[in-house]
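Written below as structure tokens is the structure these notes are about.
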Amino acid sequence: MTELDPTKMPRHLAIIMDGNGRWAQQRMLKRIVGHQRGAETVQMVVDQASNLGIGYLTLFAFSSENWSRPKLEVQALMALLKKYIRNELRRMLKNNIRFNVIGNRADLPPEINVILDDALQQTSGNTGMVLTLALSYGGRQEIVRAAAKIAQQVQDGTLQPEQITESLFSQHLDTAGLPDPDLLIRTSGEMRISNFLLWQLAYAELYFTDINWPDLTINTLHAALADFQARERRFGKTSAQLNQRS
Ligand code: FPP
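Quick note on our numbering: the sequence shown kicks off at 23 and runs consecutively.
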């Protein structure tokens with residue numbers, strides 16, 4: 023197993039969980055079987071992240087664009103989500119995990135929203151890792167929603183245009199209160215951001231692996247974290263500046 027430095031964990035890990043469909047197709051199975059296996063990988067990654075002391079884990083579970091998939095697949099994904107949250111709630115309570123959701127919740131079926139609200143409420147006092155599911159989420163849509171909220175305040179006269187800063191803008195995104203991700207992992211060999219956390223990923227390290235999401239193991243997750251730990255994050259500065267401890 024790869025050695026990890028506990029002092030250099032990403033504070034916030036974001037993941038695009040891709041390749042469930044291909045995993046299933048390669049095995050002549052239905053796509054939904056890939057999603058079911060993918061849900062098992064989610065459990066493993068949540069446990070690992072929480073045990074490794076990662077403060078925030080954000081998973082892209084369903085994009086704004088995923089609504090255009092075949093109706094049966096969308097229904098199956100919603101059913102899987104319902105089952106997952108029900109099962110996961112007990113584990114979140116046991117592991118002190120605080121649940122969180124980003125995305126356009128108004129698009130989700132009402133029975134999913136009831137379950138989400140229950141999980142949000144029951145875990146709201148937890149002080150451990152924050153697990154955020156991005157559901158019906160699109161980065162551009164989120165930015166537009168934030169801009170509209172800010173414009174409304176300007177129109178109401180409660181905010182002046184000069185008061186609009188990066189920090190104020192961040193506070194109007196769905197991710198208000200979460201630090202920006204330090205590391206983004208995407209599985210299945212695709213090298214795209216796909217409308218995920220567009221604003222928040224500005225300085226994130228990106229890690230792409232060919233492994234399909236259902237095949238991700240503890241070892242391959244640790245390899246991604248080790249790769250992150252070996253990188254130098256400069257935030258626009260030079261190496262020399264970073265090495266001066268003044
Ligand atoms: C991408 O695979 C994955 C999704 C669209 C959904 C992610 C869902 C899960 C991991 C399972 C359920 C999630 C939770 C939180 C219980 P894809 O279908 O796009 O794969 P493909 O690109 O190979 O077709």
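Glycine residues also receive a C-beta, built at the ideal position from the N, C-alpha and C atoms.
Keep in mind it's a predicted model, so treat the numbers as computed, not measured.
Simplified DSSP assignment, three categories, for residue i
i    : result
L26  : coil
L130 : coil
L142 : helix
T149 : coil
Alpha helix (DSSP H) segment containing residue i, residue limits
i    : result
I186 : Neither: I186 is in no alpha helix (DSSP H) and is coded neither H nor E.
R167 : 161-178
N42  : 42-48
Cβ-Cβ distance between residue i and residue j below 9 Å
i    : j    : result
K93  : Q251 : no
L79  : T145 : no
A46  : R53  : yes
W235 : T63  : yes
Y159 : S85  : yes
E212 : P32  : no
E164 : G199 : no
Reference residue i; option with closest CA among the options
i    : options                : result
E254 : I215, A46, R214, L205  : L205
R120 : D139, D129, S216       : D139
H57  : Y159, S90, K259, L99   : L99
F218 : D27, A83, D69          : A83
S72  : A245, K116, L220       : K116
I134 : E227, I38, K105, G211  : K105
G147 : I137, E227, P203, N122 : N122
L223 : I38, G150, D237, L157  : I38
A141 : R112, A156, G179, G161 : R112
Terminal residues of the beta strand (DSSP E) in which residue i lies
i   : result
L51 : It is not in any beta strand (DSSP E) - L51 carries neither H nor E in the DSSP assignment.
*Counting only runs that start and end within the segment 194-267, where is the beta strand (DSSP E) found for 3 or more residues in a row?*
You should have 205-208, 227-230.
*Could you name each continuous beta strand (DSSP E) segment of 3 residues or more that falls completely within the segment 68-126, going from the start of the chain to the end?*
Listed in chain order, they are 78-85, 120-124.
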